[in-house]
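The structure appears right after this line, and notes come after that.
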Amino acid sequence: MAGNASLDELYEVPPPEFTRARSALVRTLREQGKTADAARAARARRPSVPLWAANRLARRHPDLVRRLVDAVERLRRAQARATDDMGAAARDHREALDALMAKAPEAVQAAGAKASPATLGRIAATLLGAATDRDVRQRLLTGHLDEEREAPGFDVFAGVTAKATPRRTRRQARPSPPGSAPERRAAPARGGRDELQRAEAEARAHARRARALGRSATALERAAARAEARRALARRALDAAQAEAARAGEAAREARRAAAEAESAADGSAVRVRELRAALAR
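Given below as C-alpha cells:
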C-alpha cells in the first residue's frame with residue numbers, strides 16, 4: 003500500500019482507536035523504508051470527536067460539503083455587491099448547513115460518542131469556519147481538516163472590510179428622500195443584510211443554548227453515575243444480607259435436625275430405662 007494511501011486511511015480511524023493505529027502505521031512505514039511518510043504519520047494528532055465527525059461528513063457526503071462551500075461563496079459575493087440576492091443566498095447557506103447537520107449525529111455515533119448539543123455545535127462551527135476560510139477549504143473538501151474551526155462573524159463571513167467613513171465637506175450631501183430611486187435600490191440590500199444578521203443572531207442563540215444544554219447534560223450524566231454507584235453499593239449490601247440470611251436459615255435448619263435427633267435419642271433412652279427397670283423388678 004502506498005504511504006499516502008496509508009496516511010489517508012488514518013483519517014478514517016475513530017478517535018478511540020487512533021493512537022494505536024498511528025503507532026502501527028509509523029512502524030510499518032519505517033520497516034518499508036518510507037521515513038518521510040513515517041515522520042508525517044507520527045506528527046498526526048488524535049482528532050477530537052467534532053473534528054473527526056466533520057472530516058467523516060466530508061468523506062461520506064462530498065456533494066453536501068460542496069453545496070455548503072458554493073453557498074458560502076454566493077453569500078460572500080452577494081454581500082460584497084450589496085444586491086437583493088442576499089436574502090436568497092442566506093437561505094441557501096442555511097439550508098446547505100442544515101442538510102449536512104442532519105447527517106452529523108450518525109457521524110458522532112460512528113466515533114463512539116453521544117451526539118450532544120455541544121458536540122453538534124462544534125461540528126457546525128468547524129464546517130462553517132472551514133468553508134469560509136479559502137486557505138483551508140480544500141482540506142475540508144477532501145476530509146483532511148487537522149483542527150477544529152470557529153464559526154465566522156458577520157464581517158469575516160462577508161469577506162469585505164469596512165469602508166472608511168467619508169470626511170465631511172462644507173456642503174454635505176442631503177440624504178435621499180424616502181421613495182427615491184437610490185432609496186429603492188438600497189432597500190433590497192438592507193433587507194438581505196437584515197436577514198443575514200437575524201440568521202447569525204439566531205445561530206449564536208442556538209450555540210449558547212447548545213453549550214447550556216451540554217453543561218446540563220454533563221451534570222445529569224454525573225448525577226446518574228453517582229446514583230448508579232449508590233445503587234450498586236446498595237445491591238451489594240442487599241446481596242450480602244440475603245446471603246447471611248440464607249446461611250442463618252441453613253444453620254437454623256441444621257439445629258432443628260440436631261434437636262430432633264437428640265430428642266429421638268432421648269426417647270429411645272427412656273424406653274430402654276423402662277425396660278431395664280421392668281427386668282430388675284422380676
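In the working numbering, the protein residues as written are 3 to 284.
Glycine included, every Cβ here is placed at the ideal spot set by N, Cα and C.
On a predicted model such as this, the values are computed, not experimentally measured, just so you know.
Endpoints, the alpha helix (DSSP H) within which residue i is located
i	result
R45	37-45
T30	17-33
R141	139-143
P60	Sequence inspection shows Ala at residue 60; the Pro mentioned does not correspond to that position. Note, A60: alpha helix (DSSP H), 51-62.
Cutoff 6 Å; reference residue i; Cβ partners in own chain excluding five residues on either side
i	result
R58	A109
A164	Only weak support is given to the placement of A164: the predicted model assigns it a pLDDT of 31, under 50, and the question is left unresolved by the model.
V138	A132
R151	T128, G131, A132
R284	none
R141	L147
Spatial neighbours of residue i in its chain, beta-carbon cut-off 7 Å, leaving aside the 5 residues before and after
i	result
R169	Residue confidence for R169 is low, a pLDDT of 37 falling below 50, so the modelled location carries little weight; the figure read from the coordinates is stated next. Excluding positions up to five away in sequence, the list is empty.
V74	H95, A133, T134
Q111	A117
E27	The identity of residue 27 in the sequence shown is Leu, whereas the question assumes Glu. Contacts found: S8, L12, A43.
A80	D87, M88, A91, G194
R187	The pLDDT assigned to R187 is 48, lower than 50, so where the model puts this residue is not dependable; a value taken from the coordinates is nonetheless given after this. Nothing listed; no residue qualifies.
A23	L12, V15
A175	Residue confidence is low: A175 scores 44 on pLDDT, short of 50, so the model does not pin down where it sits. Its coordinate-derived value is still stated next. The answer is none, since no qualifying residue turns up.
A40	V28, L31, R32
R124	P52, E150
P154	L130, G131, T134
A46	L12, R24
Q34	none
Nearest-angstrom Cβ-Cβ length linking residue i and residue j, presumed shorter than 8 Å
i	j	result
A92	L77	6 Å
V67	L143	6 Å
A106	L122	6 Å
P52	F20	Wrong, their Cβ atoms sit about 14 Å apart, outside the cutoff.
G145	R61	4 Å
Cutoff 8 Å; reference residue i; Cβ partners in own chain excluding five residues on either side
i	result
E16	The amino acid at residue 16 is misidentified as Glu; the sequence shows Pro. Once the five neighbours on either side are set aside, the close Cβ partners of P16 are W54, A112, A113, G114.
Contact test: residue i Cβ vs the ligand NAD heavy atom, cutoff 8 Å
i	result
A227	Ligands displayed in this structure: none; no statement on the ligand NAD is therefore possible.
Which runs of the alpha helix (DSSP H) spanning at least 4 residues fall entirely within the stretch 78-137, listed in chain order?
-> 88-103, 106-112, 119-134
May I have a chain-ordered list of the beta strand (DSSP E) segments no shorter than 3 residues that lie completely inside the stretch 217-266?
-> Counting only runs of 3 or more, we get nothing.
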